[in-house]
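J.: Adding 437 to a residue's 1-based position in the sequence shown gives its number in the working numbering.
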Amino acid sequence: MGKHLFLILNSILLWWWSSITISKAYSQNQTDRFALAFLKNAIHKDPFGVLSSWNDSTHHCEWQGVLCSKRHLGRVTSLVLRSQGLDGFLSPHVGNLSFLRVIFLQNNSFHGEIPPQISNLLRLHVLILSNNSFGGPIPSNLSRCLNLENLNLIDNQLVGRIHSDLGSLTRLKLLGLSRNRLVGPISRSIGNLSLLQQLSLKDNVLSGGIPEELSRLKRLTFFQLASNKLTGEVPAGILNISDIILFSVSFNQLRGRFLNDVGTASPSLYGLSAQNNLFTGTIPSTLSNVIGLEELYLANNNFHGPIPKNLGRLKGLYTIELGYNHLQDDLSFISSLVNCSNVNSIGMAVNLIHGSLLRSFSNLSARIERISMSNNQIQGSIPLALGNLFNLTFLDLRNNFLTDCIPHSIGPLSNLHKLGLGGNMLTGEIPSSMGNITLLNVLHLSSNFFQGHIPQSLGNCKQLIGLALSNNNLIGSVPVEIMDLSSLSIILNLANNNLSGSLPLQVGSLKNLGVLDLSHNRLTGLIPASISECLVLEGLYLEANSFHGEIPEALRPLRGLQELDLSNNNFSGPIPSFLAGLLLLKYLNLTFNQLEGQIPKGGVFLNGSAVSIYGNTELCGGVPSLKLSLCKSSSS
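1) Under DSSP, the beta strand (DSSP E) around SER939 begins and ends at which residues?
2) CB LEU925 to CB LEU895, shorter than 8 Å?
3) When we look at the beta-carbon of LYS461 and count the other beta-carbons within 10 Å, is it buried (16 or more) or exposed?
4) Identify, in the order they occur along the chain, each residue of the same chain with its Cβ nearer than 8 Å to the Cβ of ILE912, setting aside the five sequence neighbours on each side.
5) Unbroken beta strand (DSSP E) runs of length 3 or more, entirely within the region 909 to 968: which are they?
6) Among SER769, ASN1005, VAL780 and PRO672, whose alpha-carbon lies nearest the alpha-carbon of ASN1121?
7) What would DSSP say about VAL686, mapped onto helix, strand or coil?
8) Would you identify the three-state DSSP class for GLN900, choosing helix, strand or coil?
9) Decide if CYS898 is buried, meaning its Cβ has at least 16 other Cβ atoms within 10 Å, or exposed.
10) Determine the closest residue to SER515 out of GLY522, LEU706 and HIS497, with distance taken between C-alpha atoms.
11) What number of angstroms, rounded off, separates the C-alpha of SER1070 from the C-alpha of GLY1045?
12) What's the C-alpha gap between GLY549 and GLN690?
13) Considering only residues of the region 510 to 584, which uninterrupted beta strand (DSSP E) runs meet the minimum length of 3 residues and lie entirely inside it, listed in chain order?
14) Per DSSP, what kind of secondary structure is VAL1078 in: helix, strand or coil?
15) Would you call LEU446 buried or exposed, if buried means 16 or more other Cβ atoms sit within 10 Å of its Cβ?
16) Starting from PHE770, follow the alpha helix (DSSP H) in both directions and report where the run begins and ends.
17) Does the Cβ of PRO916 have 16 or more other Cβ atoms within 10 Å, making it buried, or fewer, making it exposed?
18) Using DSSP's beta-bridge definition, name the partner residues of ASP680.
19) According to DSSP, what are the bridge partners of ILE480?
20) Spell out the partners DSSP gives THR717 in its beta bridges.
21) Less than 6 Å between C-beta atoms, sequence neighbours within five positions excluded: which residues of the same chain meet that for SER464?
22) Can you look up ASN726 in the DSSP assignment and give me helix, strand or coil?
23) What is the DSSP secondary structure of ASP1002, reduced to helix, strand or coil?
24) Are GLY1052 and PHE1029 closer than 8 Å when you measure CB to CB?
25) At the level of alpha carbons, what is the spacing between SER649 and ILE627?
26) Since ARG796 is in the alpha helix (DSSP H), which residue starts that stretch and which ends it?
27) What do you reckon, are the CB atoms on LEU821 and CYS842 nearer than 8 Å?
28) Below 8 Å, can you find three or more Cβ-Cβ pairs linking the region 532 to 541 to the region 479 to 486?
29) If you measure between the beta carbons of LYS752 and SER773, is that distance less than 8 Å?
30) Please report the straight-line C-alpha distance between LEU877 and PRO868, rounded to a whole angstrom.
31) As a quick exercise: from ASN726, ARG804 and LEU636, pick the residue whose alpha carbon is nearest that of THR658.
32) Does DSSP put ARG807 in a helix, in a strand, or in coil?
33) Would you please state the rounded distance, in angstroms, between the beta carbons of SER624 and SER644? I believe it to be under 8 Å.
34) At the level of alpha carbons, what is the spacing between LYS610 and GLY621?
35) Just to confirm, is the Cβ distance from SER580 to SER605 under 8 Å?
36) Taking the C-alpha atoms as reference points, what is the distance between VAL775 and LEU801?
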């Protein structure tokens, strides 16, 4: 009897315990299910229907984007809904998913604040909310999530400061806060994150110095602080971190001679970006020790002295940008890159570089796509070897001392998008082979000594948005083919030449053009009525020609005009009153014509400093500052 009673009691006890366990598991299941339901309700756009499986007919562990634990039945461990176009809020009920280890919600359109309840997720290892529109501050209590290894809030609209409490997340390997609106100093406590490998704080409004404590991050590989308002010097210890791969502090207000430390203890560095700061000193030859270096951005600083020739040892070098400094050297540096077969871009504009291009260009890799050497002291002719650089898309040699003709070998450079040779001493004719460069967007040949006609073949360049041939000795008529380039949108500048004939009717094809400058030529005839179709024009400069007739009604539709110069021509008749109706017009020059009658009232004519009309002796009226006589009344 006693044995049977024991068995009965034991069975009752087991039943009672299992019913409690089942009830507890069911309750926990419901907690997670209800939390997920609240998450769904806070999302009001689901373009791909990813949440359609979140319904009562399916267990929540089978819902799309939801993963559950195998040990703890029904408990949600991962929420993965990246790149689904979701739009809405992140519900505070996310804090009830207490077993969550991973949250992937990047590349959506979540907005509102990051709920502080997320700090209840003490098991959380990965929180990625990047590329959304979250606003407000970073939740200060995130520091409770001590297991966090990856915190990525990049590309949102977060405001406020970086809390010092983040320094207690000592398991963090990635801290990404870039492309937000964060202000204030970089917290020194980040130096406590001894396991940190990636620190990305770029594109914020952070100020103050770079904390010395960051030098303690010995596992750091990515260091990105670009595009802030940081000041002071770069702590030397940061560039002594042996594993650092990318060092980016561009677009700040940093100063000092930090480059002296590069190359001694940064063998893994492949990207060094420090452009647009206030750095000084020379570029050290030790930089050549960074044998893996591929990208070097030092433009817009105050570096001086020569460019180390041994940079040619960097065989993986891809981009080198040294422009807008005070570097003084000859072009033998370019010759030293003969072994750098991967070089894609060289930027050396606005320095004190001198020498000839003849040897330099022959040593460059045919893979190069971009060369920027404007505003230097480069001399001699453009080498024929330029034609071998058939991958070039950008070539800017403006404002140097180049002489002789443009070689016809430039014609095969069919990939060129921008060609700048203005501001030199080039002679001869503009080669017709330039018409073969049909991908050209911008062609700048102004301020040289070119002669002859404008090549009709330039009309083949159907993608031109800017064409500048001013300040040369070009003759002949304006080619109809040029006027037919409806792609021109920035500027067509043919000023200060010896062009003659009339303005082609095809000027009306320039429907997208912003600025047309034909001034200081020998053009004659009437302004074509077709100019009325140039509705985007903001600047029209026809001064110092021999145009005649009345100022045409065709200018009336050009309501975007801001500057109009018709001075030093032979225009006659009254100043048309519609010019007063061009409300954006800020500058009007009609001097030295044969205009007569009363000055229109209103608009630009109310500002005497914006209007020039002297040299027209038959004009009257206007504001007192124009100093014209009163108009005689018709009754007298």
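The beta carbon of each residue, even a glycine, is placed where N, CA and C say it ideally should be.
T.: According to the data block:
1) Boundaries of the beta strand (DSSP E) harbouring SER939: 935 to 939, taken from the DSSP string.
2) In terms of Cβ geometry, LEU925 and LEU895 do not form a close pair [threshold 8 Å].
3) For LYS461, the pLDDT reaches just 44, beneath the cut-off of 50, and the residue's location in the model is therefore unreliable, although a value from the coordinates is still provided. It counts as exposed.
4) Excluding sequence positions up to five before and after ILE912, its CB lies within less than 8 Å of the CB of GLN888, GLY889, HIS890, ASN934, ASN935, LEU936 and SER937, all in the same chain and listed in chain order.
5) The qualifying runs are 910 to 913, 928 to 930, 935 to 939, 952 to 954 and 959 to 962.
6) The structure shown does not extend to residue 1121, since the chain is modelled only from 438 to 1073, so the question has no answer here.
7) When secondary structure is reduced to three states using DSSP, VAL686 falls in the coil class, being assigned neither helix nor strand.
8) In the structure shown, GLN900 sits in coil (DSSP, three-state: anything other than H, G, I, E or B).
9) Looking at its Cβ environment, which holds 16 or more other Cβ atoms inside 10 Å, CYS898 is buried.
10) The candidate whose alpha carbon is nearest that of SER515 is HIS497.
11) One C-alpha to the other measures close to 23 Å.
12) Each residue's Cα considered, the two are about 32 Å apart.
13) Complete beta strand (DSSP E) runs here, min 3: 513 to 517, 524 to 526, 539 to 541, 546 to 550, 563 to 565 and 570 to 573.
14) Nothing about residue 1078 can be read from this structure; the chain reaches only from 438 to 1073.
15) Low local confidence applies: a pLDDT of 43 at LEU446 is under 50, so the model's placement there is unreliable, and no value is given.
16) Run containing PHE770: 769 to 772, per the alpha helix (DSSP H) assignment.
17) Buried, since its Cβ has 16 or more Cβ neighbours within 10 Å.
18) Residue pairing by DSSP leaves ASP680 without any beta bridge partner.
19) Answer by DSSP bridge pairing, in chain order: GLY525.
20) THR717 pairs with ASN739.
21) With a pLDDT of 46 at SER464, under the threshold of 50, the modelled position of that residue is not reliable, and no figure is offered here.
22) Correct three-state label for ASN726: helix.
23) In the displayed model, ASP1002 falls within a strand according to three-state DSSP.
24) Yes, the Cβ-Cβ distance between GLY1052 and PHE1029 is below 8 Å.
25) A small correction: the amino acid at residue 649 is Glu; Ser does not occupy that position in the sequence shown. Taken atom to atom, the span from the alpha-carbon of GLU649 to that of ILE627 is near 11 Å.
26) Counting along the chain, the alpha helix (DSSP H) containing ARG796 begins and ends at 794 to 799.
27) Not in contact: LEU821 and CYS842 (Cβ atoms no closer than 8 Å).
28) Taking a contact to require three or more Cβ pairs closer than 8 Å, the region 532 to 541 and the region 479 to 486 do not qualify as touching.
29) Result no, Cβ atoms of LYS752 and SER773 do not sit closer than 8 Å.
30) If I take the Cα positions, the gap works out to 15 Å.
31) The option with the nearest alpha carbon to THR658 is LEU636.
32) DSSP, read as helix, strand or coil, puts ARG807 in strand.
33) Contact flag wrong, Cβ pair sits at about 13 Å.
34) Computed Cα separation, rounded: 23 Å.
35) For SER580 and SER605, yes; Cβs fall inside 8 Å.
36) Straight-line measurement puts the Cα of LEU801 at about 6 Å from the Cα of VAL775.
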